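Q:
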Amino acid sequence: MSAPPGVTFETLKKDIRLEWRSKDAINSMLFFALLVVVVFSFSFDPNAEESRLIAGGLIWVAFLFASVVALNQTWARELRNQVLDAYRVSPAPANSLFLAKAVGNFIFVTVLEALMVPLFVVFYKLRVLGPGWQLVPVAVLGTWAIVVNGTFFAAMSLRTRSREIMLPLLLFPITIPALISTVEATTTILVGDPTTSAKFWIVLLATYDVMFTIACLALFETVLHAE
Amino acid sequence: MNHLETAQPQAEAIITVTNLVKQFGRFAALRGVSASFTSARLYGILGDNGAGKTTLLRMLAGLVTPTRGSLTILGSNDPRKICREFGYMAHPSLLYDEMSGMENLRYFAHLYGLQDDKRCAEIIASVGLDPELARPVGQYSQGMRQRMSLARALLNDPKVLLLDEPFSNVDIRSAREMVKLLGHMRDGGKTIFVVTHQASLLDGTANEFIWMDSGQIINRTPDLKFMETA
Amino acid sequence: MRKAFPILGILTAIFLSYGLYLAMVVAPREQTMGDVQRIFYYHVPSAWTAFLLFFINFIASIQYLVRRNPVSDKVANWTIITLAVVCCIGSVVAAVVPDLKAALPQGTEPSAIGTTGVIIAIAYFVIRKYFNLEAVDALAVTTAEVGVVFCTVVLVTGPLWARPVWGIWWTWDVRLTSTLVLWLIYVSYLILRRFSSSGQTPVMAAALAVFGALDVPLVYFSIWIFRTQHPQPVIGGGGSIDPRMMHVLLMNWLAFLCFAYLVCWSRYRLEIIKREVEEAQALESLLEPRSVAR
């Protein structure tokens, strides 16, 4: 009996291997992320102080748009040759597939973010005035918030018409609290005002992540086996 | 609704379907299918496009739930509960194009809790392919791809095999070899269902032919002499 | 209900007219805002009606998800009952322990906790009794659609009111933002229903409704924290309300509820009939022999 973590890990490994082998997908995604940053930079040209106030919002909106393109991509692979059917007839649990996809997406989106952040820093002349280490939990929790719901809704959109547009339509309203939290937390940390703290936001993000991870795990099997 | 039994009164039915109905909106793919199937037999399922063959097979595999009616497969009402006991193969290859045959099988073996590379290699060899072949499946010929797909369906040594159009676009030689292999497996105790348009390939090997039309089973014959009446 | 419809229709027309009269003529002129404030009697009842409809949709969605399986159905029933009991206990505890009582938001009585829990439980079981699985899904569609309409009214009347009074069309305060997000979620719900094929639409839509229900409190809370960090004047005012205004408000809400009920009933009937027709057509195609040329 294969333990679920085993299946999750194997599926994740398989996804990473497949992603690595079809590098065109990664390359076009990276280029898209770059373009998003450049376009935003052309649209806003603030001075250093202004940029600290708005960069948080810009960065997270850019991440959101780049993620949507990536999220649609990872499920598309399971539709080719109807491979998803092979998973469905196997005894492997649905949640292992979900976790593997979500973690894979998380890694992928983190790579995108790692590319986009330095560009933002350069274009907006950003300097962190607050406790910079706090940006790490914000980034991790915020990315997971987008990815966990994104993976779930991307799976849901597989069975709808206009698949590519369904994902952002479903995802954006649900991620609004996470977006507010990440933007506020990032701005607070960048501005470094000693009277404000990003801690509330980090706690709220963590709550959001826990709630929706549980909801996704509870409902994924239903979505997977819907015809 | 037809309910035809062939003359094998002693053998126990391992699959029984009762009045299966499947409707996709207004289109009725299955209109009341009732039948029993016994073990260690090779059944050919024949009929025109739209007869309901694929829907029936997918229902046996648990990929489609019936609108009405029930099915019992290997003692269970829900195919998903006994999914270890059957293997499913469809016309799309159900394989990842970018990985080699061995890598594909290794992954799917994990889904069944098997971590035996030797077994994967043996199965690949048994369908007449080279386990060492590093070429990605996407570059295989159609015949090789179908055989690799069959290998995947055999991974968990299933008691029941559900094969949907395994010979389509496959060269005659490979197809004949596959049929021979299926015959061996049937002799070894497996129950095999083959949906195909190329009934002649199964002539002589299949135990029984099941003729479907318009979502129903219209006849069951031991050979191909049945000509469909309008 | 069919027979009662015309009577209820006339009653609703009477209530709405009376409500209009009360709102425009009888209600006292607001001190600071003037006559513009009267839009309040349409803005607030629309909001309450929309929230009620979305709440029913949430219950219907949960029921659709749990009632397909007898085990989860039983678990859900007991969970709801437990929730109601816990809320009642919570009420008693909050009333007795002074620290907890102080921690409650301003204006909330401890009994509100218990009442909320009990009302949720009653709504759950009433819906469960009168709607079977198919009907529950039809109920979900109905309440979502009519709810979106009323929510749109809220989002339009809000800025219309805010602009003359506070000088701005919109602000990101707790109530407005939460209402907007709720509207967005339910519009996406309706789009999902339209774009997915009929087999699994109810299940996926129900899942989305559950996600939405988890989301809205988080939105409310996040904006609340945001506002404590970046305070701004609250649109729509808080605090107490003149009892004469309250009377007009409640009268209009009654009228709106009657109207919402009529619309929902019509939409629900339409949905049920549509499904019956589809099923009859499907049955017909099942029985008729298929022609050779397809």
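Chains as they are written, first to last, in this note's numbering: chain S, 2 to 228; chain G, 93 to 322; chain R, 82 to 375.
From the three backbone atoms N, C-alpha and C, an ideal C-beta is built for every residue, glycine too.
Nothing here was measured: the structure is a model prediction, and the numbers come from that model.
(1) If contacts are defined as beta-carbon pairs under 8 Å, then residue 63 of chain S and residue 84 of chain S qualify, I think. What distance do you get, rounded to the angstrom?
(2) Using alpha carbons as the reference points, say which of R/248, R/295, R/289, R/299 lies closest to residue 258 of chain R.
(3) Under the rule that 16 or more other beta-carbon atoms within 10 Å means buried, what is residue 357 of chain R, buried or exposed?
(4) To which residues of the same chain is residue 168 of chain G closer than 8 Å at the C-beta, ignoring the five residues directly before and after it?
(5) Using a Cβ-Cβ cutoff of less than 6 Å, which residues in the same chain neighbour residue 311 of chain G once the five nearest sequence positions on both sides are dropped?
(6) Is DSSP giving residue 110 of chain R helix, strand or coil here?
(7) Which one of G/248, G/258, G/123, G/220 has the shortest CA to CA distance from residue 162 of chain G?
(8) Compare the C-beta of residue 134 of chain R with all C-beta atoms of chain S and state if any pair is closer than 8 Å.
(9) Does the distance from the CB of residue 294 of chain G to the CB of residue 271 of chain G come in under 8 Å?
(10) Going by Cα to Cα distance, which pick from R/124, R/104, R/281 is closest to residue 256 of chain R?
(11) Which stretch, first to last residue, makes up the alpha helix (DSSP H) that contains residue 300 of chain G?
(12) Just to make sure I have the definition right: I need the residues of chain R whose C-beta is within less than 7 Å of the C-beta of residue 185 of chain S. Which are they?
(13) I want to see whether chain R comes within less than 8 Å of residue 171 of chain S, judged by CB atoms only; does it?
(14) I'd like to confirm the pairing. Which residues does DSSP put opposite residue 125 of chain G in its beta bridges?
(15) Please check if any C-beta of chain R sits within less than 8 Å of the C-beta of residue 119 of chain G.
(16) Could you check how far apart the C-beta atoms of residue 139 of chain S and residue 203 of chain S are, in whole angstroms? I think they sit under 8 Å.
(17) Using 10 angstroms around the beta-carbon of residue 113 of chain R, count the other beta-carbons present and answer buried if the total reaches 16, otherwise exposed.
(18) For residue 257 of chain G versus residue 133 of chain G, is the C-beta spacing smaller than 8 Å?
(19) Do you know how far the Cα of residue 119 of chain R is from the Cα of residue 105 of chain R?
(20) Tell me whether the beta-carbon of residue 147 of chain S lies closer than 8 Å to the beta-carbon of residue 179 of chain S.
(21) Tell me, please, whether the region 360-369 of chain R touches the region 153-160 of chain R by the rule of three or more beta-carbon pairs shorter than 8 Å.
(22) From S/111, S/190, S/205, S/141, pick the residue whose C-alpha is nearest to that of residue 34 of chain S; which is it?
(23) Would you list the residues sitting across from residue 168 of chain G in a DSSP beta bridge?
(24) Residue 294 of chain R: which of R/220, R/140, R/102, R/110 sits nearest, CA to CA?
(25) If contacts are defined as beta-carbon pairs under 8 Å, then residue 352 of chain R and residue 219 of chain R qualify, I think. What distance do you get, rounded to the angstrom?
(26) Can you find a C-beta in chain S that's less than 8 Å from the C-beta of residue 216 of chain G?
(27) Taking residue 178 of chain S as the query, report the chain R residues whose CB atoms sit under 7 Å from its CB, ordered along the chain.
(28) To be precise: take each residue of the region 70-89 of chain S, compare its Cβ to all Cβ atoms of chain C, and keep it if any distance is under 8 Å. Which residues remain?
(29) Against chain S, with Cβ distances strictly below 8 Å, would residue 256 of chain G count as a contact?
(30) Give the interface partners of residue 139 of chain R over in chain S, defined as CB-CB distance under 8 Å, in chain order.
A: Looking at the coordinates:
(1) About 32 Å; that fails the 8 Å criterion.
(2) R/299
(3) exposed
(4) 174
(5) 303, 318
(6) coil
(7) G/123
(8) no
(9) yes
(10) R/124
(11) No alpha helix (DSSP H) contains residue 300 of chain G, which is instead part of the beta strand (DSSP E) from 300-305.
(12) 307
(13) yes
(14) G/112
(15) yes
(16) 6 Å
(17) exposed
(18) no
(19) 7 Å
(20) yes
(21) no
(22) S/111
(23) G/165
(24) R/140
(25) 4 Å
(26) no
(27) 296, 299, 300, 303
(28) The question asks about chain C, but that chain is absent: this structure's protein chains are S, G and R.
(29) no
(30) Going along chain S, no residue has its Cβ under 8 Å from residue 139 of chain R, so there is no contact; the nearest lies around 13 Å.
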